[in-house]
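Student:
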Amino acid sequence: MADGPWGAAVRLLWGPPVTPARGPRRGLTLEQIAAAGVGIADAEGLGGVSMQAVAGELGVTKMA
188 MADGPWGAAV RLLWGPPVTP ARGPRRGLTL EQIAAAGVGI ADAEGLGGVS
238 MQAVAGELGV TKMA
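Here the sequence shown is numbered in the working numbering, starting from 188 and rising by one per residue.
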């Protein structure tokens, strides 16, 4: 943003910069994926574990 004598006024009027919605999303770790799969298996049995179920638990699509 603007610095100098007008910096505070610019920030007050226009607010902080908006984080863009585009770009790469955060990645999933192996630990997150495994924990989701184990949680589903504990709750529903091994037959309930699928790519679709794990993805749903993590809030992503199955192809992510």
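Yeah, the Cβ is synthetic: ideal placement off N, Cα and C, and Gly gets one too.
If you're wondering where the values come from, they're calculated on a predicted model, not measured in any experiment.
Identify every run of the alpha helix (DSSP H) within the stretch 192-247, keeping only runs that are complete inside it and at least 4 residues long; order them along the chain.
Tutor: DSSP runs (the alpha helix (DSSP H)) wholly in the stretch 192-247: 194-201, 217-231, 238-245.
Student: Below 8 Å CB to CB, which residues in the same chain sit around M238 once its five sequence neighbours on both sides are set aside?
Tutor: Within the same chain, M238 has close Cβ partners K249.
Student: Run the CB neighbour count on V236, radius 10 Å, all protein chains shown included, and call it buried at 16 or more, exposed below.
Tutor: Buried: at least 16 other Cβ atoms inside 10 Å.
Student: Nearest-angstrom Cα distance between L215 and G224?
Tutor: Taking the straight line joining both Cα atoms gives about 13 Å.
Student: Just how far apart, CA to CA, sit I220 and A228?
Tutor: Cα to Cα, I220 sits roughly 12 Å from A228.
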